[in-house]
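Let me begin by presenting the structure, written as structure tokens, before commenting on it.
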Amino acid sequence: MRRLVLTTCLLPLLAGPGAAQERLLAPALSCQALKTAVARGRDVVVASSETAYDIVHAEGGACLNVNGETSEPVYVPTTDEPNCLAGWRCMQRSSDGSSSH
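Numbered by mature numbering (1 follows the signal peptide of the UniProt record, and there is no 0), the letters in the sequence shown go through residues -20 to -1, 1 to 81 in order.
Quick look at the structure:
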């Protein structure tokens, strides 16, 4: 029993701060509301559907030069815009200079 209690108490700490982060469902928000939420949260999980999501950063420079990553704009559908610029996602830079998820 003690092991169960200890595991239950430590699991949230081991998972890290982003593990329980709520997803913003972009199609349910206006473009401005989504941009405001990203600006406020700085690094948020934005879902474009029930199964597709990205970690979106408020600034394009959030992931430059980190583990060879670069940034790419994230466009998602919202209630008022089919291609709302939500923010930036980190992409792994390949050896030929192109980017990939």
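The C-beta atom is built at its ideal place from N, Cα and C for all residues, glycine as well.
| Item | Value |
| --- | --- |
| Helix, strand or coil at Gly67 [DSSP, three-state] | strand |
| Exposure label - Gly67; buried when at least 16 CB within 10 Å | buried |
| Reference Val54; option with closest CA among Val26, Arg20, Gly48 | Val26 |
| Beta-carbon proximity list for Arg73, same chain, < 7 Å, skipping 5 on both sides | Gly48, Glu49, Thr50, Ser79 |
| Thr58 classed as buried or exposed, judged by whether at least 16 other C-beta atoms fall within 10 angstroms | buried |
| Unbroken beta strand (DSSP E) run spanning Ala19, endpoints | Element bounds for Ala19: not the beta strand (DSSP E) but the alpha helix (DSSP H), 11 to 21. |
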